[in-house]
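These protein sequences, in sequence, are chains W and F.
Under full-length UniProt numbering, the residues of the first sequence are numbered 1 to 341, in order.
Under full-length UniProt numbering, the residues of the second sequence are numbered 1 to 431, in order.
Backbone N, C-alpha and C fix where the C-beta goes; we use that ideal spot for every residue, glycine too.
A quick note: this is a predicted structure, and the numbers were derived from the prediction, not measured.
Since the structure comes first, as structure tokens, the remarks are kept for the end.
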Amino acid sequence: MIASLRRLSLLACALLATPLSFATDTPTPRDMWHGAVELQYAELSAASERLEASAARFCQSPDEALRQRLENDWLSAYQAWQAVRFIQFGPAEQNSRGWQLQFWPDRKNLVGSKVRGWLKAAEAPDAQDIASDSVAIQGFPALEYLLYDDAMDEQALSDPAACDLMQAITTHLADTTTALHRDWQAFGEHYLETADYTETTLASAIQTLELLEDKRLGEPMGLKGAPANGYLAEAWRSGQTVRLVESSLEGLRTGFLPGLTALLREADALPLAEAFRDQLDKTLVQASELPPGLVPSLEDEEAFRGLQSLYLDISQLRHLLGNEIAGELGLVRGFNSSDGD
Amino acid sequence: MPAIMLRRSLAGIVALSALMPFAPVAIDTAAADTVSADAEVEHYADLAHANYADALKAAQALNERIDELLANPTAEALSAAKQAWLQARVPYQQSEVFRFGNAVVDDWEGQLNAWPLDEGMIDYVEGDDYQHELGNEGATANIIANEQITVGGETLDVSAITPELLADLNEIGGSEANVASGYHAIEFLLWGQDLHGFEAGSGERPVSDYQTGDDCTHGHCDRRGSYLDAVSDLLVNDLEWMVAQWAPETEGNYRQELLAEGDQEGLRRMLFGMGSLSLGELAGERLKVALEANSFEDEHDCFSDNTHNSHYYNGQGIQNIYTGSYQRLDGSVVEGASLQDLLSQQNAELADTLHEQLEATMARLDAIKEAAEAESSPMAFDMMIAPGNEQGSELINEAILTLVAQTGSIEQAAGELGVTSLQPDDAGHRF
Numbered sequence: 001m002i003a004s005l006r007r008l009s010l011l012a013c014a015l016l017a018t019p020l021s022f023a024t025d026t027p028t029p030r031d032m033w034h035g036a037v038e039l040q041y042a043e044l045s046a047a048s049e050r051l052e053a054s055a056a057r058f059c060q061s062p063d064e065a066l067r068q069r070l071e072n073d074w075l076s077a078y079q080a081w082q083a084v085r086f087i088q089f090g091p092a093e094q095n096s097r098g099w100q101l102q103f104w105p106d107r108k109n110l111v112g113s114k115v116r117g118w119l120k121a122a123e124a125p126d127a128q129d130i131a132s133d134s135v136a137i138q139g140f141p142a143l144e145y146l147l148y149d150d151a152m153d154e155q156a157l158s159d160p161a162a163c164d165l166m167q168a169i170t171t172h173l174a175d176t177t178t179a180l181h182r183d184w185q186a187f188g189e190h191y192l193e194t195a196d197y198t199e200t201t202l203a204s205a206i207q208t209l210e211l212l213e214d215k216r217l218g219e220p221m222g223l224k225g226a227p228a229n230g231y232l233a234e235a236w237r238s239g240q241t242v243r244l245v246e247s248s249l250e251g252l253r254t255g256f257l258p259g260l261t262a263l264l265r266e267a268d269a270l271p272l273a274e275a276f277r278d279q280l281d282k283t284l285v286q287a288s289e290l291p292p293g294l295v296p297s298l299e300d301e302e303a304f305r306g307l308q309s310l311y312l313d314i315s316q317l318r319h320l321l322g323n324e325i326a327g328e329l330g331l332v333r334g335f336n337s338s339d340g341d
Numbered sequence: 001m002p003a004i005m006l007r008r009s010l011a012g013i014v015a016l017s018a019l020m021p022f023a024p025v026a027i028d029t030a031a032a033d034t035v036s037a038d039a040e041v042e043h044y045a046d047l048a049h050a051n052y053a054d055a056l057k058a059a060q061a062l063n064e065r066i067d068e069l070l071a072n073p074t075a076e077a078l079s080a081a082k083q084a085w086l087q088a089r090v091p092y093q094q095s096e097v098f099r100f101g102n103a104v105v106d107d108w109e110g111q112l113n114a115w116p117l118d119e120g121m122i123d124y125v126e127g128d129d130y131q132h133e134l135g136n137e138g139a140t141a142n143i144i145a146n147e148q149i150t151v152g153g154e155t156l157d158v159s160a161i162t163p164e165l166l167a168d169l170n171e172i173g174g175s176e177a178n179v180a181s182g183y184h185a186i187e188f189l190l191w192g193q194d195l196h197g198f199e200a201g202s203g204e205r206p207v208s209d210y211q212t213g214d215d216c217t218h219g220h221c222d223r224r225g226s227y228l229d230a231v232s233d234l235l236v237n238d239l240e241w242m243v244a245q246w247a248p249e250t251e252g253n254y255r256q257e258l259l260a261e262g263d264q265e266g267l268r269r270m271l272f273g274m275g276s277l278s279l280g281e282l283a284g285e286r287l288k289v290a291l292e293a294n295s296f297e298d299e300h301d302c303f304s305d306n307t308h309n310s311h312y313y314n315g316q317g318i319q320n321i322y323t324g325s326y327q328r329l330d331g332s333v334v335e336g337a338s339l340q341d342l343l344s345q346q347n348a349e350l351a352d353t354l355h356e357q358l359e360a361t362m363a364r365l366d367a368i369k370e371a372a373e374a375e376s377s378p379m380a381f382d383m384m385i386a387p388g389n390e391q392g393s394e395l396i397n398e399a400i401l402t403l404v405a406q407t408g409s410i411e412q413a414a415g416e417l418g419v420t421s422l423q424p425d426d427a428g429h430r431f
């Protein structure tokens with residue numbers, strides 16, 4: 001998975017050899033990435049704790065205002081996760097934390113069957129029960145089922161079975177994101193000392209854009225050889241698919257772009273960083289102008305054209321990073337993960 | 001068919017002797033300690049040919065048992081057909097290492113080994129426990145019970161169940177879960193749904209599902225029989241085609257195309273296949289997803305509970321390419337130029353490391369197989385992935401770790417052998 005990056009290794013050697021004063025004055029790309037991502041994990045952890053508290057308040061005295069707040073807190077925490085989802089290595093891959101937060105794609109509706117299983121259970125689960133069960137019950141999609149699935153029309157969220165389950169999941173989620181934040185801090189020294197993480201970070205961002213293009217938009221929109229299928233979209237139950245895409249793009253803007261710019265400046269290729277920033281901004285504007293959901297746009301020609309524009313913008317962004325910038329930096333990424341399957 | 005089975009190419013024999021110091025022809029050419037990449041790729045094609053020939057032979061035996069079952073549906077005949085299916089998986093799962101990297105296999109295999117499937121497209125299912133792909137209109141089509149089905153707004157005449165019809169229906173409506181054909185469709189028709197969840201036990205289809213008149217259970221026994229007959233014929237046809245693709249001295253087949261590509265491309269396809277099956281497919285899709293999601297819907301051989309063997313023989317297939325040897329169903333061994341020897345010439349230490357890692361993986365996969373086949377309290381794969389089964393998850397996690405480790409060395413081996421642009425298929429998963 002780790003591609004070789006000859007020129008960058010040379011660059012890294014050159015950086016190690018630079019005088020200390022230079023190194024302290026000018027943060028390295030990995031310094032910048034580590035710092036920015038730390039803030040993103042801090043926000044994810046804080047938002048998850050707000051969600052946990054919000055769930056507890058709603059369950060104590062369920063009313064419409066508290067439910068609205070709960071839904072908002074769920075979305076904010078889910079968006080905070082999207083922002084830092086481009087880091088797919090390090091603490092995020094320990095214990096499959098990425099899947100714990102968001103098990104996706106879920107073609108066979110495992111989320112639905114796990115939630116229904118717990119709703120029928122004789123005893124309500126606690127956070128520990130959730131921790132030892134499937135990743136499908138542990139994350140934002142399971143909460144989304146409780147908040148939005150049609151099946152919940154027949155069972156009030158305030159019912160003890162549903163409320164206890166929701167609280168167990170939000171507690172587990174808050175625990176996981178707190179640990180993630182703490183572990184990222186502890187991971188810092190290793191990350192900063194290990195030159196290979198420069199290419200790992202780049203490869204992880206490229207993969208994020210590929211996932212956005214192919215799986216998060218292309219497949220549900222029916223652009224990948226099979227008919228459109230809204231169930232393949234993320235957050236189809238709440239209709240927030242496009243908002244999550246937007247948050248991932250914003251996360252790249254704040255968490256990834258500064259380090260990338262520093263890296264390209266060192267490589268004397270600043271115009272590429274500017275081109276990436278401009279394309280990212282254009283894509284962000286396009287995403288923000290679209291309605292929040294993807295599924296309704298499948299049936300609406302004009303709205304679908306908007307989605308297509310977003311898809312094309314992301315495709316160009318992916319090309320810039322995965323081909324032009326990776327090429328300039330000598331990042332060799334043979335064929336992509338869809339080859340051979 | 002035995003004619004194909006026994007034939008071995010002249011080139012294959014030369015490559016074989018080149019590795020055997022005691023073979024008289026080899027010594028003069030100094031080939032005893034030098035392996036050429038050309039010989040390597042040629043032998044790779046021989047391995048594929050032998051492997052698919054075995055898969056075909058085993059599928060023919062399965063087809064015969066199925067014909068016997070349909071002629072005389074008894075419990076014994078059903079049991080014999082199931083045994084033949086289990087045997088047929090042994091060579092086929094080893095052949096999966098040829099899938100990645102060789103588009104001719106990858107484009108073809110969906111008709112043979114696609115999974116997980118929405119089995120309600122084929123036959124009756126029990127509603128409460130039936131989880132199908134969201135948005136898949138074909139998931140409850142039930143071809144056996146209906147002479148017409150509607151998928152994707154299209155009404156299809158399925159009154160005559162033929163191999164051609166099943167080939168056309170596969171992945172209909174664009175859903176990969178609409179699996180009308182192949183090993184898993186046959187598995188479902190022999191075993192039926194596994195309604196035991198994480199508990200012991202596999203599918204329990206009664207043989208009366210194939211009996212006639214008043215003895216017929218679940219209705220439409222004649223159409224169920226036609227389906228089973230057609231789907232096993234199709235499997236044999238498909239494998240015949242693939243054997244021909246790898247047969248020596250056959251004008252215009254895939255083997256010729258591969259050999260014409262040159263040794264670097266051949267090595268790339270070999271290594272890509274090994275790495276992709278190790279990491280993305282076996283460690284990822286087949287082990288990690290099932291374990292982390294505690295999902296028996298993601299179990300490979302979910303009707304028969306033969307998953308441990310499917311995984312084991314996937315691992316064996318990867319090792320076969322490295323050691324250049326394949327043990328055939330009749331017990332004989334096909335041997336020849338090994339990737340290990342080729343790699344040793346460049347980096348003996350790495351060659352040994354990879355050898356040990358492949359051995360370690362086989363030991364972990366064997367531990368899973370042993371646990372699943374234990375005489376007292378066996379633990380099948382669907383029990384291992386149950387929430388809270390620490391022993392089961394440890395067995396699986398250890399296999400994942402050794403597979404990840406060997407993938408790292410396969411990547412390094414590619415670098416040593418001058419293969420560029422190698423990136424294993426991780427099927428979207430990272431470890």
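Subject >> Proximal residues of chain F, C-beta to C-beta of residue 103(W) below 7 angstroms >> reply: The CB of residue 103(W) comes closer than 7 angstroms to the CB of 293 in chain F, given here in chain order.
Original post:
Which residues in the same chain as residue 406(F) place their Cβ atom closer than 7 angstroms to its Cβ, once the five residues preceding and following it in sequence are excluded?
Top reply: Cβ within range, chain order: 278, 354, 357, 358, 361.
**OP:** Verify the CB distance criterion: does residue 117(F) have a CB-CB separation below 8 angstroms to chain W?
**Re:** Look at residue 117(F): its C-beta is not under 8 angstroms from any C-beta on chain W.
**OP:** Rounded to whole angstroms, what's the CA-CA distance from residue 330(W) to residue 30(W)? Just pull it up for me.
**Re:** If you take the alpha carbons of residue 330(W) and residue 30(W), they lie about 17 angstroms apart.
Original post:
Which residues, in order along the stretch 231 to 242 of chain W, keep a beta-carbon less than 8 angstroms from a beta-carbon of chain F?
Top reply: Against chain F - using a Cβ distance shorter than 8 angstroms - the residues of the stretch 231 to 242 of chain W are 231, 232.
**OP:** Note down the Cα distance separating residue 308(F) from residue 287(F), rounded to an integer number of angstroms.
**Re:** For residue 308(F) and residue 287(F), the gap between their C-alpha atoms comes out near 10 angstroms.
Subject >> Buried or exposed by the 16-neighbour rule on C-beta atoms within 10 Å, applied to residue 141(W) >> reply: By the 10 Å Cβ count, residue 141(W) comes out buried.
**OP:** May I ask you to list, following chain order, the residues of the stretch 130 to 164 of chain F that have a beta carbon less than 9 angstroms from some beta carbon of chain W?
**Re:** Going along the stretch 130 to 164 of chain F in chain order, one finds 131, 132, 133, 134, 135, 136, 152 with a Cβ nearer than 9 angstroms to chain W.
Original post:
Over what stretch of residues does the alpha helix (DSSP H) that includes residue 154(F) continue unbroken?
Top reply: Premise fails: residue 154(F) lies in the beta strand (DSSP E), 154 to 157, not in any alpha helix (DSSP H).
Original post:
Given that residue 109(W) touches chain F, what residues does it touch there, using C-beta distances under 7 angstroms?
Top reply: Contacts between residue 109(W) and chain F, judged by CB atoms closer than 7 angstroms, involve 131, 134 in chain order.
Subject >> Opposing strand residues paired with residue 198(W) [DSSP bridges] >> reply: None, per the DSSP bridge assignment.
Subject >> Burial state of residue 286(W), where buried means 16 or more other Cβ atoms lie within 10 Å >> reply: A residue is called buried once 16 or more other Cβ atoms fall within 10 Å of its Cβ, and residue 286(W) is buried on that count.
**OP:** List the DSSP bridge partners of residue 149(F).
**Re:** Residue 149(F) pairs with 156(F).
Subject >> Touching by the beta-carbon criterion (3+ pairs, under 8 angstroms), the stretch 269 to 281 of chain W and the stretch 165 to 178 of chain W >> reply: The stretch 269 to 281 of chain W vs the stretch 165 to 178 of chain W: no contact.
Original post:
The alpha helix (DSSP H) with residue 160(W) in it runs from where to where?
Top reply: Residue 160(W) -> alpha helix (DSSP H) spans 160 to 193.
Original post:
Quick one, which residues of the stretch 335 to 357 of chain F are near chain W if we go by CB-CB under 8 angstroms, in chain order?
Top reply: Against chain W - using a Cβ distance shorter than 8 angstroms - the stretch 335 to 357 of chain F contributes no residues.
Original post:
Would residue 227(F) pass as a contact of residue 161(F) if the rule is Cβ separation under 8 angstroms?
Top reply: Inclusion of residue 227(F) and residue 161(F) in the CB contact set at 8 angstroms is warranted, their separation being smaller than that value.
Original post:
Three-state secondary structure (DSSP) at residue 235(F)?
Top reply: Note: residue 235(F) maps to helix in three-state DSSP.
Subject >> C-beta atoms of residue 69(F) and residue 210(F) nearer than 8 angstroms >> reply: When the beta-carbon positions are compared, residue 69(F) and residue 210(F) come within less than 8 angstroms of each other.
**OP:** Determine which residues of the stretch 124 to 150 of chain W have a Cβ less than 8 angstroms from any Cβ of chain F, and write them out in chain order.
**Re:** Cβ contacts with chain F come from 132, 133, 134, 135, 136.
**OP:** Tell me, please, whether the CB atom of residue 227(W) is closer than 8 angstroms to any CB atom in chain F?
**Re:** It does; some Cβ of chain F falls within 8 angstroms.
Original post:
Quick one: is residue 184(W) near chain F, going by C-beta distance under 8 angstroms?
Top reply: Taking CB atoms only, residue 184(W) has no neighbour in chain F less than 8 angstroms away.
Subject >> Limits of the alpha helix (DSSP H) - the one that residue 216(F) falls within >> reply: Counting along the chain, residue 216(F) falls outside any alpha helix (DSSP H), and DSSP gives it neither H nor E.
**OP:** Assign residue 270(W) to one of two classes, buried (16 or more other C-beta atoms within 10 Å of its C-beta) or exposed (fewer than that).
**Re:** Exposed.
Original post:
If you scan the stretch 251 to 316 of chain F from start to end, which runs of the alpha helix (DSSP H) of 4 or more residues do you find wholly inside it?
Top reply: As far as the stretch 251 to 316 of chain F is concerned, its whole alpha helix (DSSP H) runs of at least 4 residues are 254 to 260, 263 to 276, 289 to 292.
**OP:** Can you grab the Cα-Cα spacing for the pair residue 215(F) / residue 221(F), in whole Å?
**Re:** In a straight line, the C-alpha of residue 215(F) is about 9 angstroms away from that of residue 221(F).
**OP:** Count the C-beta pairs between the stretch 178 to 185 of chain F and the stretch 35 to 52 of chain F that are closer than 8 angstroms, then say yes if the count reaches three, no if not.
**Re:** With the rule of 3 Cβ pairs closer than 8 angstroms, the stretch 178 to 185 of chain F does not count as touching the stretch 35 to 52 of chain F.
Subject >> Beta carbon proximity, residue 99(W) to chain F, threshold 8 angstroms >> reply: So yes, residue 99(W) belongs to the interface.
Original post:
Helix, strand or coil for residue 84(W) per DSSP?
Top reply: Residue 84(W) carries a helical assignment under DSSP once its states are collapsed to helix, strand and coil.
Original post:
Is the Cβ of residue 203(F) closer than 8 angstroms to any Cβ of chain W?
Top reply: No, its Cβ sits nowhere closer than 8 angstroms to a Cβ of chain W.
**OP:** Report the neighbours of residue 297(F) on chain W: residues whose CB is nearer than 7 angstroms to its CB, in chain order.
**Re:** Residues of chain W passing the Cβ test: 108, 110.
**OP:** Following the continuous alpha helix (DSSP H) through residue 34(W), name the residue where it begins and the one where it ends.
**Re:** Note, residue 34(W): alpha helix (DSSP H), 29 to 60.
Original post:
So is residue 197(F) in contact with chain W if we call contact Cβ pairs under 8 angstroms?
Top reply: Taking Cβ atoms only, chain W never reaches closer than 8 angstroms to residue 197(F), which makes this a no.
Original post:
If we call anything under 8 angstroms between Cβ atoms a contact, is residue 239(W) one with residue 295(W)?
Top reply: Yes, they are a contact pair.
Subject >> Near-chain W residues of the stretch 381 to 394 of chain F - C-beta to any C-beta below 7 angstroms >> reply: Within the stretch 381 to 394 of chain F, the residues whose Cβ lies closer than 7 angstroms to any Cβ of chain W are, in chain order, 387, 388.
Original post:
Residues in the stretch 169 to 194 of chain F with C-beta within 9 angstroms of chain W's C-beta atoms, listed in sequence order?
Top reply: With the criterion set as a beta carbon lying under 9 angstroms from some beta carbon of chain W, the members of the stretch 169 to 194 of chain F are 171, 173, 174, 175, 176, 177, in sequence order.
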